[in-house]
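Let me begin by presenting the structure, written as structure tokens, before commenting on it.
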Amino acid sequence: MNAPTTTLATTIPGEHIRIAVNETTEPFWEAAKTRRLVAPQCADCGAFRLPPTPFCPKCQSNNIIWPELSGDATVYSFAVVHGFPGMPDLLLVPAVLDLPDAPGARLISNIVDVSPADVTIGMRVHVDFTPIADGWMLPVFRTISAYRDGQ
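In case it helps, UniProt numbering puts the sequence shown at residues 1 to 151.
So this is what it looks like as structure tokens:
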């Protein structure tokens, strides 16, 4: 009897990921280039928001600051995707992540290097970065134990 193979979740290969950057999103992507996770915060009322918007949905201010976050997150929701157009063997775990040091902000990203069967709502994860097209870096998340083992 053959031992079962374990397939770990990954992300779309970096050369296939292209991002659109504008003045509203550029601070997020520039920080990612230096392996830092930031989130837009209203400089007037303090509300965090992701995705970045040009004004605060709470108070409509356009004064934004970009504090650096710890990179810790908690899985709020997730899906398991078996295959992607043109990449039938790809296994993805896209997730909605709560960011504890940016209350109210949620980030959508991939959880990588984990068996999808091991992902649970409430799981703690930490940010890592992977290169993508045009010299940018994409935030991805790993389980806390995988992140610590990789350091």
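Every residue gets a Cβ at the ideal spot worked out from N, C-alpha and C, and that includes glycine.
Residue range of the alpha helix (DSSP H) that includes residue i
i, result
"residue 103", "No alpha helix (DSSP H) holds residue 103; DSSP gives it neither H nor E."
"residue 32", "26 to 33"
Close-in-space but distant-in-sequence residues of the same chain around residue i (CB under 8 Å, 5 per side omitted)
i, result
"residue 115", "6, 7, 8 and 9"
"residue 66", "27, 28, 31, 38, 39, 40 and 41"
"residue 4", "Only weak support exists for where residue 4 lies, its pLDDT of 43 falling under 50; the coordinates are left without a value."
Straight-line gap, residue i to residue j (C-alpha atoms, nearest Å)
i, j, result
"residue 108", "residue 43", "23 Å"
"residue 102", "residue 93", "22 Å"
"residue 120", "residue 141", "14 Å"
"residue 105", "residue 87", "31 Å"
"residue 47", "residue 57", "9 Å"
"residue 76", "residue 98", "6 Å"
"residue 113", "residue 13", "14 Å"
"residue 59", "residue 26", "22 Å"
"residue 70", "residue 89", "33 Å"
"residue 95", "residue 78", "4 Å"
"residue 11", "residue 85", "13 Å"
"residue 81", "residue 45", "38 Å"
"residue 74", "residue 139", "14 Å"
"residue 117", "residue 91", "12 Å"
"residue 64", "residue 50", "12 Å"
Those residues which DSSP pairs with residue i across a bridge
i, result
"residue 130", "138"
"residue 48", "41"
"residue 145", "Beta-bridge pairing links residue 145 to no other residue."
"residue 152", "The first residue shown for the chain is 1 and the last is 151, placing residue 152 beyond what the model contains."
Same chain only: Cβ atoms within 6 Å of residue i, ignoring 5 sequence neighbours per side
i, result
"residue 18", "133"
Same chain only: Cβ atoms within 7 Å of residue i, ignoring 5 sequence neighbours per side
i, result
"residue 164", "There is simply no residue 164 to check, as the chain begins at 1 and stops at 151 in what is shown."
"residue 62", "54 and 55"
"residue 15", "133"
Rounded Cβ spacing between residue i and residue j (contact assumed at less than 8 Å)
i, j, result
"residue 111", "residue 126", "With a Cβ gap of about 10 Å, residue 111 and residue 126 do not count as contacting."
"residue 100", "residue 72", "6 Å"
"residue 130", "residue 137", "7 Å"
"residue 36", "residue 68", "5 Å"
Residue interval of the beta strand (DSSP E) (run including residue i)
i, result
"residue 84", "81 to 84"
"residue 78", "72 to 78"
"residue 90", "87 to 92"
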